[in-house]
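*Asks:*
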Amino acid sequence: MTEELSSYSDAPSPSVTRVLYTNKVVLTQRHVKNLMALAGLSVREDAGWFGAKYLPAVATGSHIDAIPYSRKCDGVVGALGATEAINVLEKVGVRTEEVSTRFGISCLESRLLAGSKELAEALKTTVVDGQNLKVEFEGNGGQVGAVLMPYNPTRPIQIRPEDPDAQTYVLESESIDTLGTVGNNEQHSDRTNLILIRTKIFVLFCFKDSRYIDEARRNTVIKKIQESANAIARKVKLTEFKIVNQDPPALSSKLVIKKMAEASTELNLSHKMMMISRAYHDSLFMARISPMGIIFIPCYKGYSHKPEEYSSPEDMANGVNVLSLTLAKLSLD
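Start counting at 1 in the sequence shown, then tack on 646, and there's your number in this note's numbering.
1) Helix, strand or coil, according to DSSP, for Val689 in the structure here?
2) Among Ile878, Ala728, Arg863 and Gln892, whose alpha-carbon lies nearest the alpha-carbon of Phe931?
3) When you compare each of Leu978, Gly965, Lys975 and Pro894 to Val723 by their alpha carbons, which one comes out closest?
4) For Arg664, which beta-bridge partners are listed by DSSP?
5) Would you kindly report the start and end of the unbroken alpha helix (DSSP H) that includes Met906?
6) In the structure shown, what three-state DSSP assignment does Lys888 receive?
7) Taking the straight line between their C-alpha atoms, what separation do you get for His709 and Asp928?
8) Give the DSSP-derived three-state secondary structure of Tyr946 in the structure shown.
9) May I have the straight-line CA-CA distance separating Ser916 from Ser910, to the nearest angstrom?
10) Using a Cβ-Cβ cut-off of 8 Å (strictly less than) and excluding sequence neighbours within five positions of Ala877, which residues of its own chain qualify?
11) Following the continuous alpha helix (DSSP H) through Ala731, name the residue where it begins and the one where it ends.
12) So the candidates are Lys975, Lys737 and Lys870; which of them puts its Cα closest to the Cα of Lys904?
13) In or out: Gly721 buried (at least 16 other Cβ within 10 Å) or exposed?
14) How about Val704 and Ser977: do their beta carbons lie closer than 9 Å?
15) Can you give me the Cβ contacts of Ala760 inside the same chain, cut-off strictly under 6 Å, excluding the 5 residues immediately before and after it?
16) Taking Pro895 as the reference, which of Ser688, Asn865 and Val968 has the closest Cα?
17) With distances taken between CB atoms, is the gap from Ile943 to Ser923 smaller than 9 Å?
18) Would you say the beta carbon of Tyr946 is closer than 8 Å to some non-hydrogen atom of the ligand FMN?
19) Under DSSP, the alpha helix (DSSP H) around Ala963 begins and ends at which residues?
20) From which residue to which residue does the alpha helix (DSSP H) around Glu649 run?
21) Specify, as a first and last residue, the run of the alpha helix (DSSP H) that Met932 falls within.
22) What does a CB cutoff of less than 6 Å around Thr729 pick up in its chain, not counting 5 residues either side in sequence?
23) How big is the Cα-Cα spacing for Ala702 and Gln872?
24) Which of helix, strand or coil does DSSP assign to Lys952?
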């Protein structure tokens, strides 16, 4: 099934690109809805949820859009795996009830489900990809050669000081789990013979620790970089500096993890109890309204969100089986 969905792409194989609201996403949704219908599910696309009020609701799933030049497994395994998990439960007699690329906001649907108060304001940001720090430089522009360096307010020599500052602050955090990277550099013009009028730099920071989740360390690094950028602003006329996303970390539910471990043991599958997810996941926002957990399956060299990403059919099947048994256990707890 992942092969079938990978054919709906705006990028050449083996890469996969599906940006929200494009024709490829519509076709993918149609395909997945058909698979759900074949599984005996009644598919709805509104906010009406149905089920037995006296029993707990158990939700599972993932996304089917794909960031540019990722590959066929990202999100799709979780989405198709959820449908296949329902198939497994149906076959054994367990009855069920139904339950960030376009806007620069990661996990948009999960934020909506979690009732994010900041979402309305955040939706004003329409930049592709999920950067969480934006710096904008603006100058007068002009043709290269016609504007001398002393009169070019956007010359690289003035902007570059920020780069070592960001690198220094990340390294000073003394943790290999602190990451800072320029996710996008949006330039007003791509002409080689023109001086840029405006440049936007988007920076992504990830702060996770193998022992604990340290939000304070993340905020300290961001504060230092903001102070550095404000100092640079006086030299290069920084026109805007704002934090787009700064979401607090979330912990998986001990109960959900326990049920996952029980399911893995009963299926004679080896597993690791605790892992750190350094990437954005929908579960980060679902944790605001419900206990949550993530099942990670093995993949080639740990690659994700890139063309080399690969998980074997056997590992995918094992993940679906663990998911099915976990859902059954949680529905009765």
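Even for Gly, the Cβ is constructed at its ideal location relative to N, Cα and C. Everything numeric in this text was worked out from a predicted model, so none of it was measured.
*Replies:* With the structure as the only source:
1) Position 43 of the sequence shown, counted from the start, is the residue given in the question as residue 689. Residue state, collapsed to three classes: coil.
2) Numbered from 1 along the sequence shown, position 285 holds the residue referred to as residue 931. That would be Gln892, whose Cα lies nearest to the Cα of Phe931.
3) Residue numbering aside, residue 723 sits at position 77 when the sequence shown is read from its first letter. If we check each option's Cα against that of Val723, Gly965 comes out closest.
4) For the purposes of this step, residue 664 is taken as the residue at position 18 of the sequence shown. Partner(s): Ala712.
5) Residue mapping note: residue 906 aligns to position 260 of the sequence shown, counting from 1. It spans Lys900 to Glu912 - the alpha helix (DSSP H) in which Met906 sits, taken as one unbroken run.
6) Stepping through the sequence shown from its first residue, residue 888 is reached at position 242. The answer is strand: DSSP assigns Lys888 an E or B state.
7) Stepping through the sequence shown from its first residue, residue 709 is reached at position 63. Stepping through the sequence shown from its first residue, residue 928 is reached at position 282. Cα to Cα, the separation comes out at about 8 Å.
8) The count along the sequence shown starts at 1 and reaches residue 946 at position 300. Three-state result, Tyr946: helix.
9) On the sequence shown, position 270 is the one that residue 916 refers to. On the sequence shown, position 264 is the one that residue 910 refers to. When rounded, the distance between both Cα atoms is 7 Å.
10) Locating residue 877 in the sequence shown gives position 231, counting from the first residue. Within the same chain, Ala877 has no close Cβ partners at all.
11) For the purposes of this step, residue 731 is taken as residue 85 along the sequence shown, with counting starting at 1. Unbroken alpha helix (DSSP H) run through Ala731: Val722 to Lys737.
12) For the purposes of this step, residue 904 is identified with residue 258 of the sequence shown, where counting begins at 1. When each option's Cα is compared against that of Lys904, the closest is Lys975.
13) In the sequence shown, counting from the first residue as 1, residue 721 sits at position 75. Its Cβ being crowded by 16 or more others within 10 Å, Gly721 is buried.
14) Here the question's residue 704 lines up with position 58 in the sequence shown. Here the question's residue 977 lines up with position 331 in the sequence shown. Yes, the pair counts as a contact, with Cβ atoms nearer than the cut-off.
15) On the sequence shown, position 114 is the one that residue 760 refers to. The answer, listed in chain order, is Phe931, Arg934 and Ile935.
16) Translated into positions along the sequence shown, residue 895 becomes position 249. Closest by alpha carbon: Asn865.
17) Mapped onto the sequence shown, residue 943 falls at position 297. Mapped onto the sequence shown, residue 923 falls at position 277. No.
18) As far as ligands go, the structure on display features none, and thus does not contain the ligand FMN.
19) Taking the first residue of the sequence shown as position 1, residue 963 is located at position 317. Segment Pro959 to Leu978, the alpha helix (DSSP H) holding Ala963.
20) The residue labelled residue 649 in the question sits at position 3 within the sequence shown. Note, Glu649: alpha helix (DSSP H), Thr648 to Ser652.
21) Mapped onto the sequence shown, residue 932 falls at position 286. That run of the alpha helix (DSSP H) goes Ser929 to Met932.
22) Your numbering for residue 729 matches position 83 in the sequence shown. So the qualifying residues of the chain are Leu681, Met682 and Ala685.
23) What you label residue 702 is simply residue 56 of the sequence shown in a count that begins at 1. What you label residue 872 is simply residue 226 of the sequence shown in a count that begins at 1. A quick correction: the sequence has Pro, not Ala, at residue 702. Computed Cα separation, rounded: 44 Å.
24) Here residue 952 is taken as the residue at index 306 of the sequence shown, counted from 1. Of the three classes helix, strand and coil, the one that applies to Lys952 here is coil, per DSSP.
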